[in-house]
Amino acid sequence: MSQRDYYKILGVAKDARPSDIKKSYRERAKIFHPDANSGSKKSENQFKVLSEAYSILSDAKKRKEYDRKRSQKGASRRRSSRGWGSSGANRWGYGFGNQESQGQTRQEGPFRQTAAEDPQPHDPNAPTRGFDLQFMVDVEFVTVALGGTVPYSYEKYVRCESCNGSGEYKEKSCKECQGKRQVVEETHLNVKIPPGVADQYVLRLQNEGGEGINGGPPGDLFLKICTMPHPVFKRKKSDIYAETPISPKLAEKGGKLNVQTLDAVKTIAVEECTLTGEELRIPGNGAAISWGKKRGDLIIKFLIIDS
Ligand SMILES: [Zn+2]
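The numbering of the sequence shown is the working numbering, which starts it at 67 and goes up by one.
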């Protein structure tokens, strides 16, 4: 019982004043009162839920306790979902499209990095592995949930063709690469997003990093998937949540309703005497489960909106 969102059931904000709660309860109670629904079992139950919500939120002490429990739950959820974002965040560039802030570090970084990290005297002719690159990539919500392919552009070091990777041209330092043997080149990839991958997941694309020097192997490309927010859908693991507004009339009488799922439009049946905050689960219409073809559920939460 305590999992119910009493604020949603009563259709009031979390910081609603007692007078608003009372007003909203009275309005709803009129609609769902068993006397007004010729004793239907469903409306009787819904009236009970409504009364339960009101009994908690109208009592200052009970409401405080209810809020406390809810905020605890919310806080622990937030803590556990905080990954390795903040500390390492500035190591992640944003690839193409966000160049103003990242372009310079991306171009200067790799060479500085090896010089600083290599304690041995550097043999300029030794085969050297190319640089690993790491970028963040914004991916649309539905693509992350169901998988797909996204075009991606980034810059990496490749062999300088002017000097054939020697750094020298006619016994002088190569002008094209300033003797670095490599030049920056824009690269385009179609990146496969595995179905149902988690937000902030890091994809490793082998050998797509910078090219090696003197025949050394290329580095890898690491892409951290950043899910773009969706105006309607929210995701918890493989389940998708959506709030769907319905008219008071539809809520009262019941009827058919078209709802948008991740990849289709479905017709669902709204039961009569539906309350705000009530949920309808549509199995198999959520996000993909663990990179496979199975899918989680779509949970529709009804919001009764006067129009
Ligand atoms: Zn060159």
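Beta carbons: idealized from backbone N, C-alpha and C, even for Gly.
Arg94 - DSSP class collapsed to helix/strand/coil: helix
Closer than 6 Å: Ser228 CB and nearest ligand 1 heavy atom: Correct: Ser228 has its Cβ closer than 6 Å to ligand 1.
7 Å Cβ cutoff met for Thr340 and Ala354: no
Contact test: Glu277 Cβ vs ligand 1 heavy atom, cutoff 6 Å: no
C-alpha gap between Val250 and Cys240, whole angstroms: For Val250 and Cys240, the gap between their C-alpha atoms comes out near 14 Å.
Lys332 (DSSP reduced to helix, strand or coil): strand
Nonlocal neighbours in the same chain, by C-beta distance under 8 Å from Lys108, ignoring five residues either side: Glu337, Glu338, Cys339.
6 Å CB neighbourhood of Asn324 in its chain, flanking five on each side removed: The beta carbon of Asn324 sits closer than 6 Å to those of Val331, Thr333, all from its chain and outside the five residues before and after it, given in chain order.
Segment contact, 8 Å Cβ cut-off, at least three pairs: the stretch 303–315 with the stretch 215–233: no
Whole-Å CB distance - Asp329 paired with Leu212, under 8 Å assumed: 6 Å
Collapsed DSSP secondary structure at Pro217 in the structure displayed: strand
Beta-carbon contacts of Glu344 that lie in its chain and below 6 Å, excluding the five residues immediately before and after: Phe368
Cutoff 8 Å; reference Lys127; Cβ partners in own chain excluding five residues on either side: Leaving aside the five residues that flank Lys127 on each side, none in its chain has a CB nearer than 8 Å to its CB.
Glu237: CB within 6 Å of a non-hydrogen atom of ligand 1: no
Glu221 CB to nearest heavy atom of ligand 1 below 6 Å: no
Limits of the alpha helix (DSSP H) - the one that Tyr72 falls within: 72–76
Check whether Gly262 and Gly275 have beta carbons under 7 Å apart: no
Paired residues, beta bridge with Asn111 - DSSP: Paired residue(s): none; Asn111 is not in a bridge.
Under 7 Å between C-beta atoms of Leu255 and Phe201: no
CA-to-CA distance, Thr215 to Val203, given in whole angstroms: 12 Å
Run of the beta strand (DSSP E) containing Ala308, from where it starts to where it stops: 305–312
Of the residues Asn280, Tyr72, Ser104, the one placed nearest Arg136, counting alpha carbons only: Tyr72
Residue burial classification, Arg83 (beta-carbon count within 10 angstroms, cutoff 16): Using a 10 angstroms sphere on the CB of Arg83, the tally of other CB atoms stays under 16, which defines it as exposed.
7 Å CB neighbourhood of Pro206 in its chain, flanking five on each side removed: Correcting the residue type first, residue 206 is Glu in the shown sequence and not Pro. Listed in chain order, the non-local C-beta contacts of Glu206 below 7 Å within the same chain comprise Met294, local neighbours out to five positions each way being set aside.
Exposure label - Ala119; buried when at least 16 CB within 10 Å: buried
Alpha-carbon to alpha-carbon, Ile75 and Lys88: 13 Å
Span separating the alpha-carbon of Tyr132 from that of Lys319: 32 Å
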